[in-house]
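Colleague: Here my numbering is used: the first residue of the sequence shown is 255, the next is one more, and so on.
Note that beta-carbon positions come from the ideal geometry of N, C-alpha and C, so glycine has one too.
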Amino acid sequence: MVRSRSTRETPTALRSRLLIPAFVALVAGVGGVAFGLTHDDAVTALGALLFLPSAALLFGIVAKRHGIGPVSPSRRRSN
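(1) Pick from Leu311, Gly301 and Val287: whose alpha carbon is nearest that of Pro275?
(2) In this structure, how does DSSP classify Gly323 when only helix, strand and coil are distinguished?
(3) Applying the criterion that 16 or more other CB atoms from any shown protein chain within 10 Å of the CB defines a buried residue, is His293 buried or exposed?
(4) Rounded to the nearest angstrom, what separates Ser308 and Leu273 at their Cα positions?
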């Protein structure tokens with residue numbers, strides 16, 4: 255049985271060095287929001303939300319580089 259391209263690319267994507275800061279940003283964002291909400295600190299919770307777009311962008315960069323998911327590397331060349 256032949257595996258699809260995205261299935262073959264997943265193990266190499268998991269070795270990407272960009273995943274470390276992506277996971278750190280995700281944990282910092284979720285942890286900060288949880289801490290802010292449990293301690294009734296709206297400023298901390300809102301400030302921690304700023305980490306989540308960074309994590310999403312880093313995960314998206316890794317996915318695009320490895321052609322995983324709905325995003326794929328562009329085949330067009332710029333002039």
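Modeller: Answer, in terms of the structure:
(1) Looking at Leu311, Gly301 and Val287, the one whose alpha-carbon comes closest to that of Pro275 is Leu311.
(2) coil
(3) exposed
(4) For Ser308 and Leu273, the gap between their C-alpha atoms comes out near 12 angstroms.
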